[in-house]
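Asks:
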Amino acid sequence: MTALDNICLKIEAGSFVALVGASGSGKSTLMKSINRLITPGSGDILIDGKNICDDDPYHLRRNIGFVIQGTGLFPHLTVAANIMIGLRISGRDKDEARVSELLAMVDLPQDFAQRMPDSLSGGQQQRVGFARALASTPGLMLMDEPFGALDPVTRDALGESYRRLHDHLGLTTIMVTHDMAEALLIADRIIVLDSGRIAADAAPSDLLNNGGGDVADALVAVPRAQAQKISEMLR
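Heads up: the sequence shown is residues 1217 to 1451, going by this note's numbering.
1. With a cut-off of 8 Å, do at least 3 Cβ pairs link the region 1415-1432 to the region 1262-1282?
2. Beta-carbon separation of Ala1403 and Phe1232 under 8 Å?
3. If Thr1388 and Leu1356 are in contact, beta carbons under 8 Å, what's the gap, nearest whole angstrom?
4. Comparing alpha-carbon positions, which option in Asp1417, Gly1257, Ala1313 and Arg1252 lies nearest Leu1220?
5. So, at 6 Å on beta carbons, what are the nonlocal neighbours of Ile1227 in its own chain, with the 5 sequence-adjacent residues on each side left out?
6. Along the chain, where does the beta strand (DSSP E) that runs through Phe1232 open and close?
7. Ala1296 and Gln1330 - do their beta-carbons sit closer together than 8 Å?
8. Assuming contact is defined by CB atoms lying nearer than 8 Å, are Pro1362 and Asn1279 in contact in what I supplied?
9. Under a three-way DSSP split, which group does Thr1245 fall into?
10. Which one or two residues does DSSP pair with Val1408 in a beta bridge?
11. Taking just the CA atoms, how far does Leu1385 sit from Ser1335?
12. Once DSSP output is grouped into helix, strand and coil, what is the label at Gly1428?
13. Val1392 and Leu1235 look like a contact to me (Cβ under 8 Å); what is the Cβ gap, rounded to whole Å?
14. Between Arg1343 and the rest of its own chain, which residues show a CB-CB distance below 6 Å, the 5 nearest in sequence each way excluded?
15. Of the choices Arg1304, Gln1444, Ile1407 and Asp1271, whose alpha-carbon is the least far from that of Cys1224?
16. Quick check on Thr1255: buried or exposed, where buried means 16 or more other Cβ atoms within 10 Å of its Cβ?
17. Out of Ala1441, Ser1241 and Ser1316, which has the shortest C-alpha to C-alpha gap to Ala1415?
18. Flag this pair as yes or no: are the beta carbons of Asn1251 and Arg1413 separated by less than 8 Å?
19. Going by C-alpha distance, which of Leu1450, Leu1262 and Leu1319 is nearest Gly1345?
20. Between Cys1269 and the ligand ZN, is the CB less than 7 Å from at least one heavy atom?
21. Give every residue of the same chain whose Cβ lies closer than 6 Å to the Cβ of His1382, excluding the five residues on either side of it in the sequence, and list them in chain order.
22. From the DSSP output, in three-state form, read off Asp1360 for me.
23. For Tyr1378, I'd like the list of residues in its chain whose CB is within less than 6 Å of its CB, leaving aside the five on either flank, ordered along the chain.
24. Leaving out five residues on either side along the sequence, give the residues of the same chain with a beta carbon under 7 Å from the beta carbon of Gly1230.
If you want it as structure tokens, here you go:
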């Protein structure tokens, strides 16, 4: 079975790309191929002109931020220790100043550094997950359903907060999401996958104007219909 078929992409530095599609379309496989959590059977993936297969996978991942749904925080470690875990593994000493900087970056109070994950809300835990991913100062961030486990209000606020952070730091972000409205609101480029192939690759405005073909139109139809129903209820 071929998970991805004839994928050819160039993603510009500083862009925010959302990968969307039905379950099994290949979006998570594509994203995880970038940091070699999945090793492609053929083809090449280049980051800054360098083939990722020429690098040690652990070294590669230490230079790419990775955020998952549910944060993946270690429950027995403090917030500070969770944030710095990647740097500790790579041999860097504890850096309280860096922890302080990262907490400020993700809009968390400084006294959170010594708190345990179970004392935080879901949104706060996810912010710690972002801080941990940013600790090594990556230029590339990969995010797999990062807001999927959050309530709608927290999800919306955190999505907007991350988008501002993306712009401020000049990051390149690739995000997998099942939420088409989320992709339309915070990404500047949306890639629609279908059965391992690219069905559409366009800006949100183009997709909203039916410029992505049948598969993309079906995905856009859901938030469009929801918005229409809400609009009718408010009349």
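For every residue, glycine included, the Cβ atom is placed at its ideal position computed from N, Cα and C.
Replies: The relevant details are as follows:
1. At 8 Å Cβ cutoff, the stretches do not touch.
2. yes
3. 5 Å
4. When Asp1417, Gly1257, Ala1313 and Arg1252 are compared, the shortest CA-CA separation from Leu1220 is found for Gly1257.
5. Excluding sequence neighbours, Ile1227 sits near Val1233.
6. Phe1232 to Val1236
7. With a cutoff of 8 Å on beta-carbon distance, Gln1330 and Ala1296 are scored as near each other.
8. no
9. Secondary structure at Thr1245: helix, using DSSP grouped into helix, strand and coil.
10. Val1236 and Ala1416
11. 29 Å
12. coil
13. So it is a contact: roughly 5 Å between Cβ atoms.
14. Val1322 and Leu1324
15. Ile1407
16. exposed
17. Ser1241
18. no
19. Leu1319
20. Among the ligands in the structure shown, none appear at all, so the ligand ZN cannot be discussed.
21. Cβ-Cβ distances below 6 Å link His1382 to Phe1232 and Thr1389 in the same chain, with the five nearest sequence neighbours on each side left out; the list follows chain order.
22. strand
23. Non-local beta-carbon contacts of Tyr1378 in its own chain, meaning distances under 6 Å to residues more than five positions away in sequence, are absent.
24. Gly1386 and Thr1388
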